[in-house]
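Note sheet for the following structure.
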Amino acid sequence: MQVGVLFRSWQHRWLPFFAGAVLAGASPWAHAALGDTVQSVAADRMKLHATVGQSRTAAAYTVQEMTLPSGTVVREFVSAAGTVFGVAWQGPAPPDLQQLLGRYFPNFVSAPRGPHGRGYARTEQGNLVVENTGHTGAMHGHAYLTDGVPAGVDPAEIW
């Protein structure tokens with residue numbers, strides 16, 4: 000029993016290091032979304048093999064929607080300046096967060112985990128906030144850049 004505890008402790012301590020080492024050897028973020036320009040939305044659709052969904056415009060931002068082959072719906076929030084400041088997802092399976100978080104994915108992987116519980120997890124690292132909730136077959140979450148959210152927009156709108 001003691002060996003199991005030691006092993007879990009080792010995993011907890013070294014997992015971010017190994018994940019970071021693997022990511023350091025990965026190719027550059029050619030199709031990043033979060034923090035990139037509106038042009039990355041089309042690149043995300045192609046890379047994720049998604050179909051085009053609805054697009055809606057609010058006063059300070061536009062929402063581009065796409066549906067993944069798994070049935071998960073992904074929304075990318077683009078500021079009036081043309082920068083993706085948030086992404087949200089809802090569906091039976093989580094999306095490829097490495098694709099959606101782009102250059103912020105290493106921050107997500109290395110961040111200490113915040114509040115979590117049955118089916119809920121929140122991660123904050125610098126200006127990145129990621130929340131996931133749900134269970135197998137029904138997942139949703141969002142990620143946003145605190146310094147990228149347009150003035151007057153409540154981050155709660157990024158769902």
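Residue 11 in numbering that gives the first Met the number 0 is what sits at position 12 of the sequence shown, and the numbering runs on without skipping anything.
The beta carbon of each residue, even a glycine, is placed where N, CA and C say it ideally should be.
What's the call for residue i, buried or exposed, on a 16-neighbour Cβ count within 10 Å?
{"i": "His141", "result": "buried"}
{"i": "Thr122", "result": "buried"}
{"i": "Arg112", "result": "exposed"}
Could you tell me the alpha carbon to alpha carbon distance between residue i and residue j, rounded to whole angstroms?
{"i": "Ala92", "j": "Ala49", "result": "14 Å"}
{"i": "Asp35", "j": "Gln98", "result": "12 Å"}
{"i": "Gly101", "j": "Ala32", "result": "6 Å"}
{"i": "Pro156", "j": "Ala120", "result": "Here residue 156 is Glu; the residue named in the question, Pro, does not match the sequence. Those two C-alpha atoms are separated by around 18 Å."}
{"i": "Gly147", "j": "Val86", "result": "12 Å"}
{"i": "Gly136", "j": "Ser69", "result": "10 Å"}
Consult DSSP for residue i and reduce its assignment to one of helix, strand or coil.
{"i": "Ser109", "result": "helix"}
{"i": "Gly90", "result": "strand"}
{"i": "Ala155", "result": "helix"}
{"i": "His11", "result": "Its pLDDT being 43, under 50, His11 is placed unreliably in this model, and the value from its coordinates should be taken loosely. Correct three-state label for His11: helix."}
{"i": "Leu33", "result": "coil"}
{"i": "Gly85", "result": "strand"}
{"i": "Trp28", "result": "In this predicted model, Trp28 has a pLDDT of only 32, less than 50, meaning its place in the structure is not dependable enough to derive any value."}
{"i": "Val21", "result": "In this prediction, Val21 has a pLDDT of 35, which is less than 50 and means its spatial position is unreliable; what the coordinates show is noted afterwards. Three-state DSSP puts Val21 in a helix."}
{"i": "Leu47", "result": "helix"}
If the criterion is Cβ atoms closer than 9 Å, does the pair residue i and residue j meet it?
{"i": "Gln179", "j": "Ser109", "result": "Absent from the structure is residue 179, since the part of the chain shown begins at 0 and ends at 158."}
{"i": "Glu64", "j": "Ser54", "result": "yes"}
{"i": "Val145", "j": "Met138", "result": "According to the sequence provided, residue 145 is Thr. The question's Val does not apply to it. No, the pair does not count as a contact, with Cβ atoms beyond the cut-off."}
{"i": "Leu47", "j": "Pro105", "result": "no"}
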